[in-house]
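For reference, the structure discussed in these notes is given below.
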Amino acid sequence: MNLKTYGRLRLLVACGTLFGAMAHCEAADPVKTASLSKTETSMAANSRQEKYSFIMFWKQQDTATNAMWKNLQAGLADRSDNAAPIAVRVNDPAEAALVDRFGVSRAPMPLMLAVAPNGAVTASYVRELDAKKIDDAFVTPTMTRCMLAMQNRKVVLLCVHGDEQTAPPQGVAEFKAIPCYQNTSEIVHMRVDDPAEGKFLSELKIRRDSRTTTTVFMAPPGVMLGKYPADVTKGQLIAELRAAGKGCGDKNCKHCRP
Amino acid sequence: MTFTSIIWKELRERPTAMITSVLSILLGVTALVAIRNVSVFSEQEVAGKLDTLGANVLVLPKGVTLQDYYAADMHEETIPEQHVAELALAGLTGVEGLSPKLCVPIKLQEKSATLTGILPQADLQTMAAWQGGRLFKKHVGCKAKINVANAQDDAPEALARRRTIQELHDHEAVIGADIAGTLGLNTGDAVDMLGETFTVIATLEPTGTIDDTRVFAHLHTVQRLAGAGEVVNVIEVMGCCEDVANGLVDQLGTMLPDTRIVTIANVVETQVSINRMMTRLSYLFLAILIAVGGASMASAMYANVMERRREIGTLMALGATRRFVTRLFLVKAGLLGLAGGLGGYLLGSGLALVLGPNFAGVAVQPIPSLALIAAGTAVLVSFAASYFPARRAAGLDPCLCFQEV
Chain W
6 MNLKTYGRLR LLVACGTLFG AMAHCEAADP VKTASLSKTE TSMAANSRQE KYSFIMFWKQ
66 QDTATNAMWK NLQAGLADRS DNAAPIAVRV NDPAEAALVD RFGVSRAPMP LMLAVAPNGA
126 VTASYVRELD AKKIDDAFVT PTMTRCMLAM QNRKVVLLCV HGDEQTAPPQ GVAEFKAIPC
186 YQNTSEIVHM RVDDPAEGKF LSELKIRRDS RTTTTVFMAP PGVMLGKYPA DVTKGQLIAE
246 LRAAGKGCGD KNCKHCRP
Chain C
709 MTFTSIIWKE LRERPTAMIT SVLSILLGVT ALVAIRNVSV FSEQEVAGKL DTLGANVLVL
769 PKGVTLQDYY AADMHEETIP EQHVAELALA GLTGVEGLSP KLCVPIKLQE KSATLTGILP
829 QADLQTMAAW QGGRLFKKHV GCKAKINVAN AQDDAPEALA RRRTIQELHD HEAVIGADIA
889 GTLGLNTGDA VDMLGETFTV IATLEPTGTI DDTRVFAHLH TVQRLAGAGE VVNVIEVMGC
949 CEDVANGLVD QLGTMLPDTR IVTIANVVET QVSINRMMTR LSYLFLAILI AVGGASMASA
1009 MYANVMERRR EIGTLMALGA TRRFVTRLFL VKAGLLGLAG GLGGYLLGSG LALVLGPNFA
1069 GVAVQPIPSL ALIAAGTAVL VSFAASYFPA RRAAGLDPCL CFQEV
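Protein chains in written order, with this note's numbering: chain W, 6 to 263; chain C, 709 to 1113.
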């Protein structure tokens, strides 16, 4: 065999390998996609497009179900850019995984869940739906991040920055670094001058003209533990959590000493 | 002869009189101590229940009566499991947790046990966390409880303390202390129930309640195996505090009109009534003790004075003063009272040990302070009853006494 033939053979083998790998990838994607239901696929697409998914779970096509669906479609008609309605029959075997994920198999029907692009459930309504309820389901981006963390049973340290700071206050960073709380806490950042967060700032009662960093300490299932200035210490945060009845469980834990 | 030897000699020579004097006081003190002992422990148990469960509310099928909180699911009636989701989604203020249960009697390795289907909190907490576009839950009054992942509280063993379990998968089981001990089951063992195999993930510490005889498994698994459908026997609603829990009763009644809402106060109402009755009964017995025991003692003392007139006359002739004679009778009465009081305490405590578990359903122990109260009361009654007889004895004329010789 001369070098030229050997070189062509090598090229052939390389191309064959490359095409084989591409074929495998293409084969893998359909398999992965096929394991997701139609609703899950729609939700994933909505999430990529930064859209809310308004999922209406239903069992029987009765008056309440029809009314809720009609109101949902009407309420989202002008919001196709940031929301999409989806109907899911809870007894559909293809949607069993989704029903199980939200734990709604025994819930009263029809039930509407508003799911933010990041996966947080921002609202749930049973049997009745109107325009105001649909409006209320849209929350600020920071609220969705806080909601998701708390729905995963984590405490949230929301750092509201009024100055040039982007890093969390030292006490907050130290708290997050404690092994006991590393996986059960989440730091979320927000700026007071973010125009999208007006609603949230009102709820937190933090002024837009604040020039410092305020840390809001919150815990599931939606409890405000406290608001702290920039010089908050990890000891204060640990003490607050213990006062709420949820220390790390070990009174003598060396990591949780103030 | 000394003062003390005169008293002892007299007691030894007239035992019948002594016994009859003591008997009425002893019986009265026995009844008083027994009733008081049982009612104290019964009150403590009620207070304990209110402390640990006072903020809890039970949602039961209509028509179900309830005597024991811990056995709230031990009946045949059911309510739809859908009510659980309705409560979770309603976001009611003050509801800290929900624990629905379904109870199925089974045979476990030839022994009778109660298979209890319980819904893990992980299945409920997602629903409870959903709001209507709000981040913070409404809460007024007491401090709201937070629900953060915590190794200690999330462990299956915490079921005994918290009455809920965080995670429980389809074929996992948690075994109560008594059943585990009887059948020799430990964590990791496999156990067959209703035709399927379960893995024991934890055995519980003893609680002293019916939970010690339960086997806990996932509610939906138990529903499927028992063919019961999507139903539960009870929904335990954990409130944040008693005040809020009492306010929840009306809301729950409106939301779930086909159910019966019961607070801990309702559950212990019967026991509280019994305790109140027993306390009144103990006061009645105290009055009877004073009246009957005192009258009996006084009568016995008068008889004793008449019987010993010559003896008293002799003592006075030999120089005994009126004060000496009075003291003689009062000290004797005091000794009899003390004997009756202490004897009554011992007998009453023994009776309480039997009556407590069988009559009031509470474990009872002797109360040392009651001995002091019993003895003190008996001695005082004896003194009071014997005062006038003693004064009469001291007022006897020795010459008149000797005239009868």
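Cβ atoms here follow ideal geometry from the backbone N, Cα and C, with glycine treated the same way.
All figures in this text were calculated on a predicted structure; none of them were measured in a lab.
| Asked | Found |
| --- | --- |
| How many angstroms separate the CA atom of C/L964 from the CA atom of W/P115? | 18 Å |
| Does DSSP classify C/P1106 as helix, strand or coil? | helix |
| Distance, Cα to Cα, W/A248 vs W/A154? | 21 Å |
| Since C/N764 sits in a beta bridge, which residues does DSSP pair it with? | C/M946 |
| Just verifying my parser: in three-state terms, what is the DSSP assignment at W/R53? | helix |
| Whole angstroms are fine: how far does the CA of C/A999 sit from the CA of C/D1105? | 31 Å |
| Of the choices W/A178, W/S207 and W/D86, whose alpha-carbon is the least far from that of W/D236? | W/A178 |
| Should W/R84 be flagged as near chain C, meaning a C-beta pair shorter than 7 Å? | no |
| Determine the extent of the alpha helix (DSSP H) in which C/V1033 is found, giving its start and end residues. | R1030 to L1063 |
| Mind checking W/P234: buried by the 16 CB within 10 Å criterion, or exposed? | exposed |
| Straight-line CA distance for W/A264 to C/Q790? | Residue 264 of chain W is absent from the structure shown; chain W starts at 6 and stops at 263. |
| Taking just the CA atoms, how far does W/P146 sit from C/E1181? | Because chain C spans 709 through 1113 in this model, residue 1181 of chain C falls outside it and cannot be assessed. |
| I want to see whether chain W comes within less than 7 Å of C/D831, judged by CB atoms only; does it? | yes |
| Within 10 angstroms of the Cβ of C/C811, are there 16 or more other Cβ atoms? Answer buried if so, exposed if not. | buried |
| Considering only C-alpha positions, which residue in the set W/L134, W/C151 and W/A136 is nearest to C/R842? | W/C151 |
| Tell whether a beta-carbon distance below 7 Å holds between W/L211 and W/L162. | The question names Leu, yet the displayed sequence has Ile at residue 211 of chain W. No. Outside cutoff. |
| Helix or strand or just coil, what does DSSP make of C/D900? | strand |
| Going along the chain, which residues of the stretch 790-809 of chain C sit with their C-beta nearer than 8 Å to a C-beta in chain W? | Q790, V792, A793, E794 and L797 |
| May I ask you to verify whether the stretch 808-822 of chain C touches the stretch 199-217 of chain W, counting CB pairs closer than 8 Å and requiring at least 3? | no |
| Show which residues of chain C have a CB atom less than 7 Å away from the CB atom of W/M229. | F844 |
| Find out if the Cβ-Cβ distance for the pair W/I139, W/G80 is shorter than 7 Å. | yes |
| Do you know whose CA, among C/I982, C/F1032 and C/A1093, lies nearest C/S747's CA? | C/I982 |
| Helix, strand or coil: which one does DSSP assign to W/I183? | coil |
| Give the DSSP bridge partners of W/C164, in chain order. | W/H194 and W/T220 |
| With a cut-off of 7 Å, does the C-beta of C/C840 fall near any C-beta of chain W? | Here the sequence assigns Gly to residue 840 of chain C, which means Cys is not the residue at that position. True, the Cβ-Cβ gap to chain W drops below 7 Å. |
| Answer with yes or no whether the minimum CB distance from C/V856 to chain W is below 7 Å. | yes |
| Are the stretch 82-94 of chain W and the stretch 59-72 of chain W touching by the rule of at least three beta carbon pairs closer than 8 Å? | yes |
| Would you mind stating whether C/I883 and C/A779 have Cβ atoms separated by less than 7 Å? | no |
| For C/H879, which residues from the same chain have a beta carbon less than 6 Å from its beta carbon, with the 5 sequence-adjacent residues on both sides left out? | F906 |
| Rounding to the nearest angstrom, what Cα-Cα distance links C/G802 and C/Q959 in this structure? | 11 Å |
| At least one CB of chain C closer than 7 Å to the CB of W/S129: is that the case? | yes |
| Any residues in the stretch 233-250 of chain W with a beta carbon nearer than 7 Å to a beta carbon of chain C? Which ones, in chain order? | A249 and G250 |
| Would you kindly report the start and end of the unbroken alpha helix (DSSP H) that includes W/V109? | Premise fails: W/V109 is in no alpha helix (DSSP H) and is neither H nor E. |
| Between which residues of its own chain and C/L827 is the CB-CB distance below 6 Å, once the five residues before and five after are set aside? | P808 and L927 |
| Tell me where the alpha helix (DSSP H) around C/A934 begins and ends. | L927 to A934 |
| Identify the continuous beta strand (DSSP E) that holds C/A881 and give its terminal residues. | E880 to I883 |
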